[in-house]
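What follows is one structure encoded as structure tokens, with my remarks underneath.
There are 2 protein chains.
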Amino acid sequence: MNKSLLKSRRQFLQGTALSSVFLGFSLPVQAQPVSEELQQTLPDSMLKAGSNFSNYGQPSIYEKDIIRWISANPNVPGNGVSWTPLEELQGTITPNGLHYERHHNGVPDINPSSHEIMIDGLVDKPLTFSIDALKRYPQIRKICFIECGGNSNAGWRSAPIQSAAGYVHGLVSNAEWTGVPLRLLLNECGIQAEAKWAIAEAADGAALNVSLPIEKLLDDAILALYQNGERLRPENGYPVRLLLPGWEGIVNVKWLRQLKLVEQPAMTRDETAQYTDLLPTGKARQFSFTMQAKSLITSPSVGMTLPDNPGIYQVTGLAWSGNGKIRKVEVSADGGDTWVQAELSDPVLDKAFTRFSLPWQWQGQYAILQSRATDETGYQQPSRNTLISERGDNSFFHYNAIVSWEINEDGQISHIYV
Amino acid sequence: MNKSLLKSRRQFLQGTALSSVFLGFSLPVQAQPVSEELQQTLPDSMLKAGSNFSNYGQPSIYEKDIIRWISANPNVPGNGVSWTPLEELQGTITPNGLHYERHHNGVPDINPSSHEIMIDGLVDKPLTFSIDALKRYPQIRKICFIECGGNSNAGWRSAPIQSAAGYVHGLVSNAEWTGVPLRLLLNECGIQAEAKWAIAEAADGAALNVSLPIEKLLDDAILALYQNGERLRPENGYPVRLLLPGWEGIVNVKWLRQLKLVEQPAMTRDETAQYTDLLPTGKARQFSFTMQAKSLITSPSVGMTLPDNPGIYQVTGLAWSGNGKIRKVEVSADGGDTWVQAELSDPVLDKAFTRFSLPWQWQGQYAILQSRATDETGYQQPSRNTLISERGDNSFFHYNAIVSWEINEDGQISHIYV
Chain Z
1 MNKSLLKSRR QFLQGTALSS VFLGFSLPVQ AQPVSEELQQ TLPDSMLKAG
51 SNFSNYGQPS IYEKDIIRWI SANPNVPGNG VSWTPLEELQ GTITPNGLHY
101 ERHHNGVPDI NPSSHEIMID GLVDKPLTFS IDALKRYPQI RKICFIECGG
151 NSNAGWRSAP IQSAAGYVHG LVSNAEWTGV PLRLLLNECG IQAEAKWAIA
201 EAADGAALNV SLPIEKLLDD AILALYQNGE RLRPENGYPV RLLLPGWEGI
251 VNVKWLRQLK LVEQPAMTRD ETAQYTDLLP TGKARQFSFT MQAKSLITSP
301 SVGMTLPDNP GIYQVTGLAW SGNGKIRKVE VSADGGDTWV QAELSDPVLD
351 KAFTRFSLPW QWQGQYAILQ SRATDETGYQ QPSRNTLISE RGDNSFFHYN
401 AIVSWEINED GQISHIYV
Chain Y
1 MNKSLLKSRR QFLQGTALSS VFLGFSLPVQ AQPVSEELQQ TLPDSMLKAG
51 SNFSNYGQPS IYEKDIIRWI SANPNVPGNG VSWTPLEELQ GTITPNGLHY
101 ERHHNGVPDI NPSSHEIMID GLVDKPLTFS IDALKRYPQI RKICFIECGG
151 NSNAGWRSAP IQSAAGYVHG LVSNAEWTGV PLRLLLNECG IQAEAKWAIA
201 EAADGAALNV SLPIEKLLDD AILALYQNGE RLRPENGYPV RLLLPGWEGI
251 VNVKWLRQLK LVEQPAMTRD ETAQYTDLLP TGKARQFSFT MQAKSLITSP
301 SVGMTLPDNP GIYQVTGLAW SGNGKIRKVE VSADGGDTWV QAELSDPVLD
351 KAFTRFSLPW QWQGQYAILQ SRATDETGYQ QPSRNTLISE RGDNSFFHYN
401 AIVSWEINED GQISHIYV
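Residue numbers (the UniProt record's numbering), protein chains in the order written: chain Z, 1 to 418; chain Y, 1 to 418.
Written as structure tokens, this is what we have:
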């Protein structure tokens, strides 16, 4: 942070009462008087018939730039991610076309009529389940987020990255998933007493597999068949994926083909070489499944410039926690010295995106906007310094620190560390 | 209903206790033993890399037949509907590509950068609001259904139609809508004491306009900008639509361009010649805005055939009410003689799709499946006979009677009136 901005910040803090910066009510902004010309002119769209009905709708051509950004490894086919443009979205549901992707070897082409899920290993009766068979079971739905364990990993870098919010934090999305409670199928197979883990394998080219504790699978795991009402998208696991609410993305195994019940975890590549973090003690965090509480101001955010007509701005963003519901989100405009509680949009759901917002008075002053989530267990999203003091600087996964947006007197917004 | 089926029905009623037909628990069904061959064979999808990341995802090619069916008037460009395939969906959210359409003159092409909403008439300050201006206001979200007033109108015909459930009842969809509370803008304009109604006009070729009571606009009306997280789809009102939760589709004016505050309704074409129903008294129901409680079993439903391996089937469907939350949904397998309460999927939301389900034991017996919704006001979905006794047979709109699916001994399902 340069000196002139620091000075501005001090002036701001000294001169402005908090209550006049965050407003508990909204003020009129931005409306224009109606001209006679406007009242007497019909827009072109009223002078002709519009376009036809469609069998499956698509976004407006005027929104063609609202896309998932792709970051792919050129050396491994289909290895990489695509990011949800969080800063362009509103509400809490991620539309299926924009749900983030993480593949290790691309999106497999799987004909649902020949796909089966096999449950074997330490069970009394090894069984297979076709997709048609799964549809005969009771289905439940769960609105929840899925977040890649590597989301926000740019935060571990020594300098703040200036990419758009979704291009850093958008490996998380939120959808309504519907499918069969896994416990029904496990119980049908008969779980043997020694079975403590299950190795879940995907039917993709990477043969992705991970070890999962049986307790979670018997608790709230779902074999998801539907995503926001329709059948899963191919890139989200069609024809069936595992859903483990609140747990890191990779264990929500897409294109699921097998669950093998075992005594011990298999120590696969993706739970040893990957998805673990080296701690300052020399030990590695492993099987760190739960995604901890996190929040992000999506608007205004890095790369945006506040319009040149100052006044009220709605600060809004998303909070989520793999531990349960979000209890509160606080927002600061002074880099964390003072905090104001934001409004949470009802209904606040378990392990789901929670939209927060509050009006903010911007009159051209320097500011550092931050948000801080607390979940129902009392866990509070840490500052970056706290996170690094606990986890060291050899980590890549599970970054959930408070994010800081610096706004200068021209309304330009940068990502900073404070 | 033919005699042999009636006889079957009597036999069924006499011979079977209700508790053995509707089960409060689930039973294993349809699993197959694991073969050694299956354990040792890798599917083709694991033998090669999959396809690439995409900027905006699409449904699986194996789901290409899951579409909106189009019923358009060949004599008027863009006049008609397309239907949501309710029987193919699960959960409660309708994905944006499958949200039903109703247009009077097609989908207008509106550039958001030049679109404005004008509020004039009996206000102190007539004002216009650009899309950018609207984005500066506080936004709220609402998960709710929108239902065309003409949905299910085939129910008024003298003989039961045999089209798929969504092709008769699918002019209703459910989404998360986000936008600006209209009351903020109306208050900014200053509502004059004589203003009791507003005439809302769309910027489409039909210049669709309707009169709306000011109380609703000040209550829960939203100028919706986002639909399931992303900007509205063109066919759903891009760049901005009016959302009046629980009220018939037409008053949720798409492509909104003007609200003119007035003393009396304008008696436009779509609130006189259309969207009214002639009652037996000779009077017409007019301004019958609220969509009353309704439910529909989506699976199993007409046109489906139950598989030839009898056992447990999940009866599931949707219920909704413009009055508020659904309190209960009851299901009958004997044409309404006896009822069992279905399970409602949490969270049950105000004026939103509510998913109900219960397991059903089918062993090849004749059955008539029905569902009956009751909302939190105590309003109960009527039988077809009750609806017609109250409303006569000159109606076209607001059909919400109980729907009956007849299942014969071969598992074939037909739509019947009982």
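Note that CB positions come from ideal geometry on N, CA and C, so glycine has one too.
- Taking only beta-carbon positions, decide if Y/Lys3 is within less than 7 angstroms of chain Z. Within the second sequence, the letter at position 3 stands for residue 3 of chain Y. In this prediction, Y/Lys3 scores a pLDDT of 37, lower than 50, which makes its location untrustworthy; the coordinate-derived value is nonetheless stated afterwards. At a cut-off of 7 angstroms between C-beta atoms, Y/Lys3 does not count as an interface residue with respect to chain Z.
- Query: Which class does Z/Trp247 belong to by DSSP, given the choice of helix, strand or coil?
  - Reply: Here residue 247 of chain Z corresponds to residue number 247 of the first sequence, with the count starting at 1. Strand at Z/Trp247.
- Item | Three-pair Cβ contact test at 8 angstroms for the segment 85 to 96 of chain Y versus the segment 255 to 271 of chain Z | No, the segment 85 to 96 of chain Y is not in contact with the segment 255 to 271 of chain Z.
- Reduced DSSP secondary structure (H/G/I, E/B, other) of Y/Thr305: Residue 305 of chain Y sits at position 305 when you count from the first residue of the second sequence. It is a strand residue.
- Task: With DSSP as the reference, label Y/Trp255 as helix, strand or coil.
- Result: Looking up residue 255 of chain Y in the second sequence gives position 255. Of the three classes helix, strand and coil, the one that applies to Y/Trp255 here is coil, per DSSP.
- When DSSP labels each residue in this structure, what does Y/Met291 get in the three-state scheme? Position 291 of the second sequence, counted from the first residue, corresponds to residue 291 of chain Y. In the displayed model, Y/Met291 falls within coil according to three-state DSSP, outside both helix and strand.
- Query: Can you list, in chain order, the residues of its chain whose CB lies under 6 angstroms from that of Z/Asp277, leaving out five sequence neighbours each side?
  - Reply: Translated into the one-based positions of the first sequence, residue 277 of chain Z becomes position 277. Around Z/Asp277: Arg285, Ser395, Phe397.
- Starting from Z/Gln32, find everything on chain Y with Cβ-Cβ shorter than 9 angstroms and list it in chain order. Taking the first residue of the first sequence as position 1, residue 32 of chain Z is located at position 32. Residues of chain Y with a Cβ closer than 9 angstroms to the Cβ of Z/Gln32 are, in chain order, Glu116, Leu127, Thr128, Phe129, Ser130, Ala133.
- Message: Closest to Z/Asn236 by C-alpha separation, out of Y/Ser54, Y/Gln412, Y/Asp204, Y/Ala49, would be which residue?
- Response: Taking the first residue of the first sequence as 1, we reach residue 236 of chain Z at position 236. Comparing Cα-Cα distances from Z/Asn236 to each of Y/Ser54, Y/Gln412, Y/Asp204, Y/Ala49, the minimum goes to Y/Ser54.
- Below 7 angstroms between beta carbons is the criterion; list the residues of the segment 374 to 400 of chain Z that meet it against any residue of chain Y, in chain order. Within the segment 374 to 400 of chain Z, no residue has its Cβ closer than 7 angstroms to any Cβ of chain Y.
- Message: Please report the straight-line C-alpha distance between Y/Val418 and Y/Ser404, rounded to a whole angstrom.
- Response: Residue mapping note: residue 418 of chain Y aligns to position 418 of the second sequence, counting from 1. Residue mapping note: residue 404 of chain Y aligns to position 404 of the second sequence, counting from 1. So the alpha carbons of these two residues sit roughly 7 angstroms apart.
- Nearest to Z/Phe287 by alpha carbon, out of Z/Trp362, Z/Lys216, Z/Gly324? On the first sequence, residue 287 of chain Z is found 287 positions in, with the first residue counted as 1. Closest in alpha carbon position to Z/Phe287, among Z/Trp362, Z/Lys216, Z/Gly324, is Z/Lys216.
- Query: Going by beta carbon distance, what residues of the same chain come within less than 8 angstroms of Z/Lys135, once the five residues before and after it are set aside?
  - Reply: Counting from 1 along the first sequence, the entry for residue 135 of chain Z is found at position 135. Counting only Cβ-Cβ distances below 8 angstroms, and skipping sequence neighbours, we find Leu225.
- Item | Secondary structure of Z/Gly317, DSSP reduced to three states | Taking the first sequence and counting its residues from 1, the one referred to as residue 317 of chain Z is at position 317. Looking at Z/Gly317 - three-state DSSP - the assignment turns out to be strand.
- Cβ-Cβ distance between Z/Gly121 and Z/Val253 below 7 angstroms: Numbered from 1 along the first sequence, position 121 holds the residue referred to as residue 121 of chain Z. Numbered from 1 along the first sequence, position 253 holds the residue referred to as residue 253 of chain Z. Cβ atoms of Z/Gly121 and Z/Val253: not closer than 7 angstroms.
- Task: Can you have a look at Z/Asn400 and say buried or exposed, based on whether 16 or more other CB atoms are within 10 angstroms of its CB?
- Result: For this step, residue 400 of chain Z is matched to residue 400 along the first sequence. So Z/Asn400 ends up on the buried side.
- Task: Output the distance between the C-alpha atoms of Y/Pro280 and Y/Ile402, rounded to the nearest integer angstrom.
- Result: Taking the first residue of the second sequence as 1, we reach residue 280 of chain Y at position 280. Taking the first residue of the second sequence as 1, we reach residue 402 of chain Y at position 402. If I take the Cα positions, the gap works out to 21 angstroms.
- Of the residues Y/Arg241, Y/Thr316, Y/Gln32, which one's Cα is nearest the Cα of Y/Leu358? Taking the first residue of the second sequence as 1, we reach residue 358 of chain Y at position 358. Looking only at Y/Arg241, Y/Thr316, Y/Gln32, the smallest Cα-Cα distance to Y/Leu358 is reached by Y/Thr316.
- Item | Paired residues, beta bridge with Y/Ser144 - DSSP | One-based indexing of the second sequence puts residue 144 of chain Y at position 144. In the sequence as displayed, the identity of residue 144 of chain Y is Cys instead of Ser. In the DSSP output, where bridge partners are listed per residue, Y/Cys144 has Y/Ala175.
- Query: So is Y/Gln341 in contact with chain Z if we call contact Cβ pairs under 7 angstroms?
  - Reply: Looking up residue 341 of chain Y in the second sequence gives position 341. It does not: the Cβ of Y/Gln341 has no partner Cβ on chain Z nearer than 7 angstroms.
- Chain-order list of residues whose beta-carbon lies under 8 angstroms from that of Z/Leu256 (same chain, five-residue window excluded): For the purposes of this step, residue 256 of chain Z is taken as residue 256 along the first sequence, with counting starting at 1. Ile117, Ala200, Glu201, Ala202, Ala203, Leu223, Gly237, Val240, Arg241, Leu242, listed in sequence order.
- Message: Going by DSSP in three states, Y/Ala165 sits in which element: helix, strand or coil?
- Response: For this step, residue 165 of chain Y is matched to residue 165 along the second sequence. Secondary structure at Y/Ala165: helix, using DSSP grouped into helix, strand and coil.
- Task: Verify whether the separation of the beta carbon atoms of Z/Gly80 and Z/Lys125 is less than 7 angstroms.
- Result: Numbered from its first residue, the first sequence carries residue 80 of chain Z at position 80. Numbered from its first residue, the first sequence carries residue 125 of chain Z at position 125. Result no, Cβ atoms of Z/Gly80 and Z/Lys125 do not sit closer than 7 angstroms.
- Item | Proximal residues of chain Z, C-beta to C-beta of Y/Met46 below 7 angstroms | As a working mapping, residue 46 of chain Y is identified with position 46 in the second sequence. Residues of chain Z passing the Cβ test: Ala203, Asp204, Gly205, Ala207.
- Message: Using DSSP's beta-bridge definition, name the partner residues of Z/Pro213.
- Response: To locate residue 213 of chain Z, count along the first sequence from 1; it is residue 213. Beta-bridge pairing links Z/Pro213 to Z/Trp197.
- Item | Residue of Z/Asp109, Z/Ile250, Z/Val123 minimising C-alpha distance to Z/Ala193 | Position 193 of the first sequence, counted from the start, is the residue given in the question as residue 193 of chain Z. For the options Z/Asp109, Z/Ile250, Z/Val123, the alpha carbon positioned closest to that of Z/Ala193 is the one of Z/Val123.
- Message: So that I know if they touch, is there some Cβ in chain Y lying closer than 7 angstroms to that of Z/Asp120?
- Response: By 1-based counting over the first sequence, the position of residue 120 of chain Z is 120. It does; some Cβ of chain Y falls within 7 angstroms.
- To the nearest angstrom, report how far apart Z/Leu185 and Z/Trp197 are at their CA atoms. Reading the first sequence from its first residue, position 185 is the one you call residue 185 of chain Z. Reading the first sequence from its first residue, position 197 is the one you call residue 197 of chain Z. Here the alpha carbons of Z/Trp197 and Z/Leu185 stand approximately 15 angstroms from one another.
- Task: Give the straight-line distance between the Cα atoms of Y/Lys294 and Y/Asn52, rounded to the nearest whole angstrom.
- Result: Position 294 of the second sequence, counted from the first residue, corresponds to residue 294 of chain Y. Position 52 of the second sequence, counted from the first residue, corresponds to residue 52 of chain Y. Roughly 43 angstroms separates the two Cα atoms.
- Query: Less than 7 angstroms separating the beta-carbons of residue 422 of chain Y and Y/Asp350?
  - Reply: Any answer about residue 422 of chain Y is impossible in this case: the structure gives chain Y only from 1 up to 418.
- Partner residues on chain Z for Y/Ser345, Cβ-Cβ distance less than 7 angstroms: Looking up residue 345 of chain Y in the second sequence gives position 345. Counting only Cβ-Cβ distances below 7 angstroms, Y/Ser345 has contacts in chain Z at Ile140, Arg141, in chain order.
- Item | Cβ-based contacts, 9 angstroms cut-off: residues of the segment 101 to 116 of chain Y near chain Z | Legend: CB atoms of the segment 101 to 116 of chain Y lying less than 9 angstroms from CB atoms of chain Z belong to residues Glu101, His103, Asn105, Gly106, Val107, Pro108, Asp109, Ile110, Asn111, Pro112, Ser113, Ser114, His115, Glu116.
- Query: From the beta carbon of Z/Gln274, is the nearest beta carbon of chain Y less than 7 angstroms away?
  - Reply: Stepping through the first sequence from its first residue, residue 274 of chain Z is reached at position 274. No, because no Cβ of chain Y sits closer than 7 angstroms to the Cβ of Z/Gln274.
- Query: Between Z/Lys3 and the rest of its own chain, which residues show a CB-CB distance below 6 angstroms, the 5 nearest in sequence each way excluded?
  - Reply: Mapped onto the first sequence, residue 3 of chain Z falls at position 3. With a pLDDT of only 37 at Z/Lys3, under 50, the local geometry of the prediction cannot be trusted, and the value read off the model is given with reservation. So the list is empty, once near-sequence residues are dropped.
- Query: Since Y/Thr84 contacts Y/Gly170 with CB under 8 angstroms, what's their CB separation in whole angstroms?
  - Reply: Locating residue 84 of chain Y in the second sequence gives position 84, where the first residue counts as 1. Locating residue 170 of chain Y in the second sequence gives position 170, where the first residue counts as 1. Contact flag correct, Cβ pair sits at about 4 angstroms.
- Message: Between Z/Asp308, Z/Ser173, Z/Pro310, Z/Pro138, which has its C-alpha nearest Z/Leu182's C-alpha?
- Response: Indexing the first sequence from 1 puts residue 182 of chain Z at position 182. If we check each option's Cα against that of Z/Leu182, Z/Pro138 comes out closest.
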